[in-house]
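Residues 1 to 259 (full-length UniProt numbering) make up the sequence shown, in order.
Ideal placement from N, C-alpha and C gives every residue a C-beta, glycine not left out.
This report concerns only the one structure given below.
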Amino acid sequence: MLPTTSVSSPNQGNGALNSRDAARHTAGAKRYKYLRRLLHFRQMDFEFALWQMLYLFTSPQRVYRNFHYRKQTKDQWARDDPAFLVLLSIWLCVSTIGFGFVLDMGFFQMIKLLLWVVFIDCVGVGLLIATLMWFISNKYLVKRQSRDYDVEWGYAFDVHLNAFYPLLVILHFIQLFFINYVISSTSFMGYFVGNTVWLIAIGYYIYVTFLGYSALPFLKNTVILLYPFALLILLYVLSLALGWNFTKTLCTFYEFRVK
């Protein structure tokens, strides 16, 4: 059973403890502990990380419920176990190699594609999105009566990873079975299937991101994080009207990057 111990005092803020414990609960101390555990695989809970990956598809609310338990027991919203990041990295490698095979790339081209996907698509874009969402949520979404609380940057990055994982599986794994036989065709069915896959993947990213910030009790008006759905649907309709195949554009871009 997951722990449900309550926080000692709401007046302590988001991670603000007494002076005796403050040093080991600073952002730097938490980051050091997290990075240090990357070198100790036996200390990582891979079984629990796999559970999270499963429920990000079937019931993402349950994943964020666990973040509440972590806040109550360890006084931090962000993950303190890098097991999820390690498994996500493995998924990135496997799915990218599969993508390379589908696009008929050579060995060194696959390596270039893998480096691009890991350091640009996942980490680079993730750092940018997490920092932007961290700034916006702390600047505009924190309730007036909860100004002693703040969104941890690590939590914002965790939300990105949570949302990125389903998107990765949909675009870099499930889609692979349809690229050569359906999506790459010039017919309406080709770009309809391909663009619909993109609609589902990005829609899932937006939804899981919304759940992540709406799970924080000191934030308000988090429903605005669902507003990009309107732009997404508009772009989807326009792409079908114009015959623009998102997947073929992505494949062309990847092939250009690895030359």
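Subject >> In DSSP terms, what V142 is bridged to >> reply: L219
Original post:
According to the neighbour-count rule (16 or more other Cβ atoms, all chains shown, within 10 Å of its Cβ), is V63 buried or exposed?
Top reply: By the C-beta density criterion, V63 is buried, having at least 16 other C-beta atoms within 10 angstroms.
**OP:** Please list the segments of the alpha helix (DSSP H) lying wholly inside the segment 140-185, counting only runs of 4 or more residues, in order along the chain.
**Re:** 153-169
**OP:** Measure the alpha-carbon distance for I183 versus M189 and round it to whole angstroms.
**Re:** Between the alpha carbons of I183 and M189 lies a gap of roughly 7 Å.
Subject >> First and last residue of the uninterrupted alpha helix (DSSP H) at V237 >> reply: P228 to L242
**OP:** Would you mind giving the Cβ-Cβ distance between V125 and L92, rounded to the nearest angstrom? I have them listed as a contact below 8 Å.
**Re:** Not confirmed; about 13 Å, so no contact.
Subject >> Contact under 7 Å by Cβ, V102 with I179 >> reply: It is a contact, given that the beta carbons lie within the stated cut-off.
**OP:** Report the three-state DSSP secondary structure of V125 (helix, strand or coil).
**Re:** helix
Original post:
My guess is that D81 and M44 are in contact by the Cβ rule of under 8 Å, so how many angstroms apart are they, rounded?
Top reply: 6 Å
Original post:
To which residues of the same chain is I129 closer than 7 Å at the C-beta, ignoring the five residues directly before and after it?
Top reply: H160
**OP:** Compare the beta carbon distance of A201 and L171 with 7 Å and say whether it is the shorter of the two.
**Re:** yes
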